[in-house]
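Asker:
Number of protein chains: 2
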Amino acid sequence: MDRETKEHIEVGAFSIVAESGAARRARLHTAHGTFNTPAFMPVGTQATVKGVNPEQLRAMGAEIILSNTYHLHLRPGDELIRDLGGLHAFMGWDSPILTDSGGYQVFSLSNLREIDDEGVVFKSHLDGSPIRFTPESVVGIQENLGVDIMMVLDECLPSGATHAEAKASWRRTLDWARRSLDARRKPECLLFSIVQGGMFEDLRTQSAADLRELSFDGYAIGGLSVGESVEEMRAMTRISAGALPREKPRYLMGVGTPVDIVDSVEMGVDMFDCVMPTRSARFGRLYTEDGWINIRNAAFCKDPAPIDAECECYTCRNFSRAYLSHLVRAKEVLAVELCSIHNLHFYQNLMRRIRSAIEEGDYADFATAFRQRWNSAGGTQA
Amino acid sequence: MDRETKEHIEVGAFSIVAESGAARRARLHTAHGTFNTPAFMPVGTQATVKGVNPEQLRAMGAEIILSNTYHLHLRPGDELIRDLGGLHAFMGWDSPILTDSGGYQVFSLSNLREIDDEGVVFKSHLDGSPIRFTPESVVGIQENLGVDIMMVLDECLPSGATHAEAKASWRRTLDWARRSLDARRKPECLLFSIVQGGMFEDLRTQSAADLRELSFDGYAIGGLSVGESVEEMRAMTRISAGALPREKPRYLMGVGTPVDIVDSVEMGVDMFDCVMPTRSARFGRLYTEDGWINIRNAAFCKDPAPIDAECECYTCRNFSRAYLSHLVRAKEVLAVELCSIHNLHFYQNLMRRIRSAIEEGDYADFATAFRQRWNSAGGTQA
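The listed protein sequences derive, respectively, from chains A and B. Quick note, the first sequence lines up with residues 1 to 382 if you use the working numbering. Quick note, the second sequence lines up with residues 383 to 764 if you use the working numbering.
This is the structure in structure tokens:
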């Protein structure tokens, strides 16, 4: 994080410092400092990365985190957060924050919703009260939060949508993207739009081409990691990333496993988020260089080794598999913290290695070696 | 903590450096370093202080923690911990550890038990399997754990015990104390015995006198904070502490509120433990200089102030009451961590102030002022 440059470089500037094939090593400059890409954003849905405090996030090298418009609007409320000085002050994190727009949550969490060209009405998953989101209101909420990167409201397709349905849905999402740009009031809050188009190559290409015409600060690839095959995800990522402008950051939403990230960087993706490292940690699934282990396995009860002998995280420097195994069995809250720190550190460390490999110009070799070691251990099952 | 002195001063040496009335400011030297008294020991029943990691415990100034023989014997097992290098290595805490003997847990957690002069048989609260504790086995378990201070097995009286019952019980506990001394094999593991005698002044005095005849490294006052009135607790503490040898540390088990501690130090008590700061934290009850607040109160939802403007803990330096209120409502695990850090820091800070007041020779004035401010805020209700 080049905090000292934040006064001198224009907010939104995306500086590519190295390329290796389609993979890019860059920096995105925001109102709360610069972060390095390819970047993985730990997920802090409710204004906290579950089980990990901001000091621990910094210590593992996280430079940007993700939070969620839908959840924070419902509780504690974006106006309350605005009145308390914004989301950074509220959660004690003074580095960049991106917020998901809430589109995905509206379509996945609320079973009672009505959508029209104007926006979407849904019921709160907390108390059932009706809430209306429009492209304009979602920008307004994120400006209240004062985040560094806002996402536009998009319509998330149901799985199994036909080509005609996906095409109609894209027209609406494109219109919403235009309205989001018009609604923006704070230039220091960057705005990213989202490529959709289901699993249809022509719609993905069209979607990216349509958005290129509009002046967004970055472009996300949405609608993936929703149950499709790995091959479909790779194909849609490759097409979407390839059709987006080189000079802007590309963000693959909600993805993914370590191998998903290594592969997608090779296609030119710059930013990632995923609940997997923290959610897996809560179920005792821990990443190592040779795939993952489940700490609940009886074999680890007496194991004096750290989770991963190569890892330099707080957990691995101080605690054994046997101790973690005990904490999990005793249902101690420290288990959540120590396992989450390890998994998030694993992801941050992976991103550091990815960035180094791009700088050294041999990203394809790095990616091939990583895939081989990971897959030979069955690691992709995580 | 004078870690550099640990090679030079005899383990078990108790150095009184200042006195103010009956209150003493001292240092106890153990195999894992020296700690300052009066000391409060955070409770780490299952080899973890709930919600707080060892780094955070050190940062708040904790120099010794308490763990539990009964719980660790049942899970993960003291032999497993021994084979992994002892409790310090297991839980990543290299400073002093005291373990409660398990007597209290045997008598409070297990509803099926049989006691005789030899020891006690009870059923595990985890799986109902039968376990036998004797004075000898309890010393052996604690030596397996490799702790710095071991407690003898004692019989805990049921509330409402008669004088005759309490007297008979004391005879057995005294016999057990003698057997514990004989059973000890590791001189680096200090051994404390426990004054009992219910709410009977003569039995408390007799109990202390009996134990003085035996060469323990320190003396605990047990059987208090079990539902008796504050006046009874104070009377029994005063009698017990006054009858114990000046040159050995005195430990009041399971006590107590901040005022309990301030009062008991004035009677010559040196060591304390209590689950209150961590348990209260999990229920949102947070200590301040003017009593306690409940962070669940709606008034705090929009409050930008820290828990306590005078507090220098990690939580108060970084987060508002409004944020903690949100975390508690959202049932986020970070709430447990941040609230526990604050409450434990409050206790450690209280002990620092207590030690300073004794050094300055005006402990009675300090205690009077503390009681007045605390009681005027209704703080003792916590």
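Virtual Cβ for every residue (Gly too), placed ideally from N, Cα, C. These numbers were taken from a predicted model, which means no experiment stands behind them.
In terms of alpha-carbon separation, which member of Leu585/B, Asn526/B, Glu537/B and Ser449/B lies closest to Glu500/B?
Answerer: Glu537/B
Asker: Arg179/A and Thr134/A: beta carbons closer than 9 Å?
Answerer: For Arg179/A and Thr134/A, yes; Cβs fall inside 9 Å.
Asker: From Val647/B to Ala405/B, what distance separates their C-alpha atoms?
Answerer: 5 Å
Asker: By a C-beta neighbour count over all protein chains shown, 10 Å radius and 16 as the cutoff for buried, is Glu188/A buried or exposed?
Answerer: exposed
Asker: Curious, which full-length alpha helix (DSSP H) runs of at least 4 residues does the region 483 to 560 of chain B contain?
Answerer: 485 to 491 and 517 to 527
Asker: What's the call for Phe14/A, buried or exposed, on a 16-neighbour Cβ count within 10 Å?
Answerer: buried
Asker: With a threshold of 8 Å on Cβ separation, who are the neighbours of Phe701/B within its own chain once the five nearest residues in sequence on each side are excluded?
Answerer: Residues Pro688 and Leu720 of the same chain have their beta carbon placed closer than 8 Å to that of Phe701/B, with the five preceding and five following residues left out of the count.
Asker: Listed in chain order, which residues of the region 681 to 695 of chain B have Cβ atoms closer than 8 Å to some Cβ of chain A?
Answerer: Cys683, Lys684 and Pro686
Asker: Just to check my reading of the structure: Leu535/B and Ser483/B have Cβ atoms closer than 8 Å, yes? What is that Cβ distance to the nearest angstrom?
Answerer: 5 Å
Asker: Which stretch, first to last residue, makes up the alpha helix (DSSP H) that contains Ser758/B?
Answerer: Tyr745 to Ser758
Asker: If you check the beta carbons only, do Leu98/A and Tyr251/A fall under 9 Å apart?
Answerer: Taking 9 Å as the cut-off, the Cβ atoms of Leu98/A and Tyr251/A count as close.
Asker: Please classify Thr430/B: does DSSP put it in a helix, a strand, or coil?
Answerer: coil
Asker: Counting pairs of beta carbons, one from the region 336 to 351 of chain A and one from the region 723 to 730 of chain B, are three or more of them closer than 8 Å?
Answerer: no
Asker: Short check: CB of Gly21/A to CB of Ala330/A, under 9 Å?
Answerer: Result no, Cβ atoms of Gly21/A and Ala330/A do not sit closer than 9 Å.
Asker: Which class does Ile307/A belong to by DSSP, given the choice of helix, strand or coil?
Answerer: coil
Asker: Under 8 Å by Cβ, that's how I've got Ser240/A and Met233/A pegged, so tell me the actual separation to the nearest angstrom.
Answerer: No, Ser240/A and Met233/A are not in contact; Cβ-Cβ is about 11 Å, not under 8 Å.
Asker: Taking Cys311/A as the reference, which of Ala298/A, Asn297/A, Asn294/A and Asp290/A has the closest Cα?
Answerer: Asp290/A
Asker: Along the chain, where does the alpha helix (DSSP H) containing Ala395/B start, and where does it finish?
Answerer: Careful: Ala395/B lies outside any alpha helix (DSSP H) and carries neither H nor E.
Asker: Measure the beta-carbon distance from Val262/A to Phe370/A and round it to whole angstroms, keeping in mind my assumption that it falls under 8 Å.
Answerer: 5 Å
Asker: Against Pro424/B, what residues of chain A qualify as contacts under a CB-to-CB distance less than 8 Å, listed in chain order?
Answerer: Here the premise fails: no neighbours, minimum Cβ distance about 13 Å.
Asker: Using a C-beta cutoff of 9 Å, does Met442/B count as contacting chain A?
Answerer: no
Asker: What is the DSSP secondary structure of Phe300/A, counted as helix, strand or coil?
Answerer: Note: Phe300/A maps to helix in three-state DSSP.
Asker: In or out: Ser541/B buried (at least 16 other Cβ within 10 Å) or exposed?
Answerer: exposed
Asker: Would a check of beta-carbon distances place Asp154/A closer than 9 Å to chain B?
Answerer: no
Asker: Buried or exposed for Phe748/B, going by 16 or more other Cβ atoms inside 10 Å?
Answerer: buried
Asker: Inspect the beta-carbon positions of Pro249/A and Tyr219/A and report whether they are closer than 9 Å.
Answerer: Yes, the pair counts as a contact, with Cβ atoms nearer than the cut-off.
Asker: Which ranges does the alpha helix (DSSP H) cover as unbroken runs of at least 4 residues, wholly within the region 403 to 480 of chain B, from first to last along the chain?
Answerer: 436 to 441, 451 to 456, 460 to 465 and 469 to 473
Asker: Mind pulling the chain B residues with CB within less than 7 Å of Ala391/A?
Answerer: The structure shown does not extend to residue 391/A, since chain A is modelled only from 1 through 382, so no value can be given for it.
Asker: Based on DSSP bridge pairs, tell me the residues matched to Ala220/A.
Answerer: In the DSSP assignment, the residues bridged to Ala220/A are Ile194/A and Tyr251/A.
Asker: According to DSSP, simplified to helix, strand and coil, what is Gly242/A?
Answerer: Gly242/A: helix per DSSP, three-state reduction.
Asker: Within 9 Å of any Cβ in chain A, is that where the Cβ of Lys432/B sits?
Answerer: It does: the Cβ of Lys432/B has a partner Cβ on chain A nearer than 9 Å.
Asker: Just the chain A side, please: which residues come within less than 7 Å of Met658/B by C-beta, in chain order?
Answerer: Against Met658/B, chain A offers no close residue; the least beta-carbon distance is about 18 Å (beta-carbon pairs closer than 7 Å).
Asker: Counting along the chain, where does the alpha helix (DSSP H) carrying Ile341/A start and finish?
Answerer: Val333 to Glu359
Asker: Between Asp509/B and chain A, is any beta-carbon pair separated by less than 9 Å?
Answerer: no
Asker: According to DSSP, is Arg279/A helix, strand or coil?
Answerer: helix
Asker: I'd like to know whether the C-beta of Asn526/B is nearer than 9 Å to at least one C-beta of chain A.
Answerer: no
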